[in-house]
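Novice: Before I ask anything, let me first share the structure, which is written out below as structure tokens.
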Amino acid sequence: MSSQIIDQYANKLGEDVRTSVHTGSASGTDKRFKVLFDDLPDANGLRTTAGNVKQHTLDHLDKYLEQAERALISNGAKVHYAWDSETTCSQVENILKQASARTVTKSKSMVSEEVGLNESLLKKGYDLVETDLGEFILQLDGDHPSHVVKPIIHKNRAEIARTFEKHGLGEYNDEPEIITRRAREFMRAKYLAAEATITGANFISAESGRLCIVTNEGNSRFGLAGARIQIALVGIEKIVPRDADLALMLNLLGRSATGQALTVYTEFISGPKPVDSVSGPEELHVIFVNNRRTEVLDSNCREILRCIRCGACMNVCPVYRQASGHAYRSVYPGPLGAVLSPLLAGAEGFSELADLPKASSLCGACNEVCPVDIPIPDLLLRLRDKGKREKSSNAATDSPPMGAWSWVAKSPSLWRASLRSANMLNLLPYEKIPFGPLGRWTKDRTLPPWRGGKFRAWVKNREKEAK
Amino acid sequence: MSDRERIFEAIRTAVAKTENPAPLPEYSMDSTVSISRLGAGGWSGFQKNFEAVNGDFLETGEDLKALLTKEKAKVGYCPENLQDLVRPHLPEGIELRSNFDRSKINEYDFGITKATSAIAETGTLILEDSKTPDRLGALAPWIHIALVDKSSLLDTVATAIKSLPKDPNVIWVTGPSKTADVEGILIEGVHGPGIQACLLV
Amino acid sequence: MLATLKNYHLLQNIMAKITLLKTPPERVLFMATCLCDAFFDEAAKASVEVLESLGIEVIIPDAQTCCGQPAFNGGDWKASRSVVRHTIKVFAGEDPIIVPSGSCAAMMFHGAPLEFEKEDDYQAVKETGDRTWEIFDFIYNGLGIKEWEGSWNGRVAVHSSCHTRGTGTTEAISSLLGSIENLEILDFAEPEQCCGFGGTFSVSFPNISRNMGNLKIENILETKPDLLVSGDMSCLMHLRGLAEKSGRDMPVKHAIEVLRDTVKSEQKTNVLTNH
Chain A
21 MSSQIIDQYA
31 NKLGEDVRTS
41 VHTGSASGTD
51 KRFKVLFDDL
61 PDANGLRTTA
71 GNVKQHTLDH
81 LDKYLEQAER
91 ALISNGAKVH
101 YAWDSETTCS
111 QVENILKQAS
121 ARTVTKSKSM
131 VSEEVGLNES
141 LLKKGYDLVE
151 TDLGEFILQL
161 DGDHPSHVVK
171 PIIHKNRAEI
181 ARTFEKHGLG
191 EYNDEPEIIT
201 RRAREFMRAK
211 YLAAEATITG
221 ANFISAESGR
231 LCIVTNEGNS
241 RFGLAGARIQ
251 IALVGIEKIV
261 PRDADLALML
271 NLLGRSATGQ
281 ALTVYTEFIS
291 GPKPVDSVSG
301 PEELHVIFVN
311 NRRTEVLDSN
321 CREILRCIRC
331 GACMNVCPVY
341 RQASGHAYRS
351 VYPGPLGAVL
361 SPLLAGAEGF
371 SELADLPKAS
381 SLCGACNEVC
391 PVDIPIPDLL
401 LRLRDKGKRE
411 KSSNAATDSP
421 PMGAWSWVAK
431 SPSLWRASLR
441 SANMLNLLPY
451 EKIPFGPLGR
461 WTKDRTLPPW
471 RGGKFRAWVK
481 NREKEAK
Chain B
929 MSDRERIFEA
939 IRTAVAKTEN
949 PAPLPEYSMD
959 STVSISRLGA
969 GGWSGFQKNF
979 EAVNGDFLET
989 GEDLKALLTK
999 EKAKVGYCPE
1009 NLQDLVRPHL
1019 PEGIELRSNF
1029 DRSKINEYDF
1039 GITKATSAIA
1049 ETGTLILEDS
1059 KTPDRLGALA
1069 PWIHIALVDK
1079 SSLLDTVATA
1089 IKSLPKDPNV
1099 IWVTGPSKTA
1109 DVEGILIEGV
1119 HGPGIQACLL
1129 V
Chain C
13 MLATLKNYHL
23 LQNIMAKITL
33 LKTPPERVLF
43 MATCLCDAFF
53 DEAAKASVEV
63 LESLGIEVII
73 PDAQTCCGQP
83 AFNGGDWKAS
93 RSVVRHTIKV
103 FAGEDPIIVP
113 SGSCAAMMFH
123 GAPLEFEKED
133 DYQAVKETGD
143 RTWEIFDFIY
153 NGLGIKEWEG
163 SWNGRVAVHS
173 SCHTRGTGTT
183 EAISSLLGSI
193 ENLEILDFAE
203 PEQCCGFGGT
213 FSVSFPNISR
223 NMGNLKIENI
233 LETKPDLLVS
243 GDMSCLMHLR
253 GLAEKSGRDM
263 PVKHAIEVLR
273 DTVKSEQKTN
283 VLTNH
């Protein structure tokens, strides 16, 4: 019995992975709920406000991007623009070449995953290391993140211990504290050896040109302290209008992501280091990355660009919890990915990922937890419309065809006739038919007795009696 | 056409089609404040929040001595201009170095630097690059002690944002560095300090 | 087209206030829903009986079929729109449209406008949706009835369907049922998690749908309810189907049937004076 790709993936998922993912997601959901509503008297009102701030920025993105650029340049940063994956990677490489950099430390950047930066640089012989513990482990494994905030939510300590042993980081030891200490020791040498460090940015203020980077580990901070040049990859949608809006966003981000009022390190970077500072980058390069964001801006799903990458949506999503992040076959998983990934794949790639918007019961929990109030279910529906109109086969798999149904539903007499005639179902052993939508229902569920026409008959009888 | 031109053109085309562009909402910064966290405010409010994220609040020089003794610290980084402040409160036999030598990064048990201010609402210390001779001194050793002026407390995140200085690198530090990447289990002391302390001066 | 971005509850609150200002409607149109037409006539009957017990005339258009949601969710908006066009014709006029399903109500006032964004008859669709009420929301917020007379002995678990997020329905069901003498409302774990039905989702993602349903059933059965109710038979059909197939006992009813069961003829006057 075939079914959708994500459903099959969920069905084959190992119990240990499902447990890891469920534990991580559920704790994220609980912590968020507790901290957000304990701390903020009108948390839902703030979500709406933050959503409007972001929407306003998107609706006027040209103006704010120009403003951010001017501010960055006057702060002494160098500003670059990259249209797609290739130009992003080649621009990073040019900057590294000009700085004669060979060793590179990197902190978390989902944009860098989009453009395949790591593969590109490693192929060209750069010594590049991910410094965030989770991303470091993924790099060792040749694996990819399955969550935007908790990249190894799908892994358990035994797997990590084996990875460390395999890569010469010590004999098998699965104590989280030991694993962390080993990473700490290993990374120190890298931070100081690196000539360049690559970061993302959670926000850029158009007003001051400040980049805001939040971490708990201190890895981006250390990367900056060690290196001579910083390259920040920033999606064009990461802009907020004013510094004051940073306060709004920061109050929502930590609480939504991990149940923290603030992450341990909130860095505000507005340029290269002061001249008389000993440590810190002498050059700050900001690359504004497009990678089809302008296409999303131009679509009827613009709202998804409000996303501040908190991960609350995937934490609460029951489908994500069942399938885990890799089922989404793209950089962004969960409800975020179900909208963003098919769009970032462009016209050629949409069809391949057109099943992602279908992998949802449209429960709306994602919108309820989104700190910028993205109407995700509406966007999923718009993408389903797009998938149907473009006849994407992945979207159509196992979805009952609606043409015939709507034909009957438009005709009252046909409708009433079908209701009555289907009473035959009660006489047939229909649960013995193992295929089709009916079969997929009855595999695990009983169907209630068909009672088509009974309500209508009751109505008619009352009308008769009333006369 | 350069990438920059291409991107701007595509953005302009897209936003020109917006039927009802969203206005910038007016909102009060007060709405972003956590009254419950702020509590009574002041340094006692700060201390409560600082300790809630496992910060070590050192009220007096004695507390500093006790911490360094407990952790068996031997060598510490401390810029020249702060050494007189702390020397009276150091245990016997501690060595202070006024320059951070990268090649000896693991020799420093602690680093002392001046924080420019703090945030009561979240228990956050604010470090500015131009007031910290070497970032690594605050970041690399296992213990970081931030000296904070009693008069420099800010009440909320909103206020702190308004007070952001022109410094190219400002760090808000809210507790010791940590990760929960391994099975969601909290471990402190990842790449940054495992012990984050502050001493009011 | 910002209507699609507004919150449900805002719309409903506006409607609620406007309606409360006028006298309660003498007459409503009743949309039975395709599910009740096919399987759950009892829920449809109970809805009509409850409305009539409040002194309201209930018109049940014979030509009604479906709100169009199955095709809408499936992405076949062309097919869905053709059904919606039929439905708004059937329910034309100015009377409120009452429907015993949060899911169908949301389709009428949120989903249909979304798929008609670029259509010429958008306004007609929107106007129809604006006067469509889920039945509990109508009783509690539209008519202002905050308590229900009568008694009902037992422990009841109330499942909120996902389409009632951000609407007045959740509070309406819990409050009205909770006000019934001797009826104990139970709290169960993870109430925000979807039951897994999701319409065609249940058959295109059958494994995930089943797993979600089983998690929900476990959470509910742990509280040992006498009855599981909801404002949506779709969720109940899925949950009951799962429970029954695997040999677990879990009686279900539409929440409106509990209201109907407690209505005694001599209480009719009392209920009316509530508003």
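Chains as they are written, first to last, in our numbering: chain A, 21 to 487; chain B, 929 to 1129; chain C, 13 to 287. Glycine residues also receive a C-beta, built at the ideal position from the N, C-alpha and C atoms. This one's a predicted model, so the numbers in the text were calculated from it and none came from an experiment.
1. Within 8 Å: the Cβ of A44/C and any heavy atom of the ligand HEM?
2. Using a Cβ-Cβ cutoff of less than 6 Å, which residues in the same chain neighbour D265/A once the five nearest sequence positions on both sides are dropped?
3. Consult DSSP for H305/A and reduce its assignment to one of helix, strand or coil.
4. Would DSSP call L1082/B helix, strand or coil?
5. So T68/A is in the alpha helix (DSSP H); what residue range does that whole segment cover?
6. Which residue marks the beginning of the alpha helix (DSSP H) containing G483/A, and which one marks its end?
7. Check the Cβ of S419/A against every Cβ in chain C and list those closer than 8 Å, keeping chain order.
8. Is S380/A helix, strand or coil when you go by DSSP?
9. Going residue by residue through the segment 182-252 of chain C, where are the continuous beta strand (DSSP E) segments of at least 3 residues, counting only ones entirely within it?
10. Residues bridged to Y352/A by DSSP?
11. Leaving out five residues before and five after V96/C in sequence, what residues of the same chain have Cβ atoms less than 6 Å from its Cβ?
12. Mind checking which residues open and close the alpha helix (DSSP H) that includes G48/A?
13. What residue ranges within the segment 360-406 of chain A form continuous alpha helix (DSSP H) runs of no fewer than 4 residues, ordered along the chain?
14. Using C-beta distances below 8 Å, list every residue in its chain close to I268/C, excluding the 5 sequence neighbours before and after it, in chain order.
15. Using the beta-carbon count (16 or more within 10 Å), is P1016/B buried or exposed?
16. Whose Cβ in chain A lies nearer than 7 Å to the Cβ of F936/B?
17. With a threshold of 9 Å between beta-carbons, can R177/A be considered close to chain C, or not?
18. Below 8 Å, can you find three or more Cβ-Cβ pairs linking the segment 968-979 of chain B to the segment 1050-1063 of chain B?
19. Looking at the structure shown, is D18/A part of a helix, part of a strand, or coil, going by DSSP?
20. Measuring straight from C-alpha to C-alpha, what distance separates V283/C and E161/C?
21. Under 8 Å between beta-carbons, which chain A residues line up against I72/C? List them in chain order, please.
22. With three or more beta-carbon pairs closer than 8 Å as the criterion, would you say the segment 133-146 of chain A touches the segment 262-277 of chain A?
23. Closer than 9 Å, CB to CB, is H171/C near chain A or not?
24. Which two residues bound the contiguous alpha helix (DSSP H) that contains G171/C?
25. In chain order, what residues of the same chain have a beta carbon less than 8 Å from the beta carbon of E1023/B, not counting five sequence neighbours either side?
26. Is there a Cβ of chain A sitting closer than 9 Å to that of W1100/B, yes or no?
27. To the nearest angstrom, how far is the alpha carbon of N1034/B from that of W1070/B?
28. Pair every Cβ in the segment 389-398 of chain A with every Cβ in the segment 432-446 of chain A, then say whether three or more of these pairs are closer than 8 Å.
29. Grab me the residues of T108/A's own chain with a C-beta within less than 6 Å of its C-beta, minus the 5 sequence neighbours each way, in chain order.
30. Exposed or buried, what is K170/A when buried is set at 16 or more other beta-carbons lying within 10 Å of its beta-carbon?
31. When the cut-off is 9 Å and only beta carbons count, does C116/C lie next to chain A?
32. Suppose only complete runs of 4+ residues qualify. What are the alpha helix (DSSP H) ranges in the segment 265-318 of chain A, listed by chain order?
33. Under a three-way DSSP split, which group does L467/A fall into?
34. Restricting to Cα atoms, I'd like to know which of L212/A, S127/A, C321/A is closest to I233/A.
35. Check the C-beta distance from D375/A over to T417/A and give it rounded, since I have them as a contact under 8 Å.
36. Which chain A residues are close to K265/C, counting only those with a beta carbon under 7 Å from its beta carbon?
Specialist: Working from what's here:
1. As far as ligands go, the structure on display features none, and thus does not contain the ligand HEM.
2. V73
3. strand
4. strand
5. 63-79
6. Checking the sequence, you will find Glu at residue 483/A rather than Gly. Where E483/A is concerned, the enclosing alpha helix (DSSP H) stretches over 474-486.
7. G86, G87, T212, S216
8. coil
9. 193-198, 239-242
10. Y352/A pairs with nothing; no bridge assigned.
11. G80, A124
12. 35-59
13. 366-370, 385-389
14. A55, A58, S59, V62, P112, I147, F148, G243
15. exposed
16. D82
17. no
18. yes
19. Since the first and last residues shown for chain A are 21 and 487, residue 18/A lies out of range.
20. Since pLDDT at V283/C reaches only 40, below the 50 mark, its modelled position is unreliable, and no value is offered.
21. V479
22. no
23. no
24. One detail in the question is off: residue 171/C reads as His in this sequence, not Gly. Unbroken run through H171/C is the beta strand (DSSP E), 163-171; no alpha helix (DSSP H).
25. K1002, V1003, G1004
26. yes
27. 9 Å
28. no
29. A102, V135, V309
30. buried
31. no
32. 313-317
33. coil
34. S127/A
35. 7 Å
36. Neighbours of K265/C on chain A: none; closest Cβ ~12 Å, over 7 Å.
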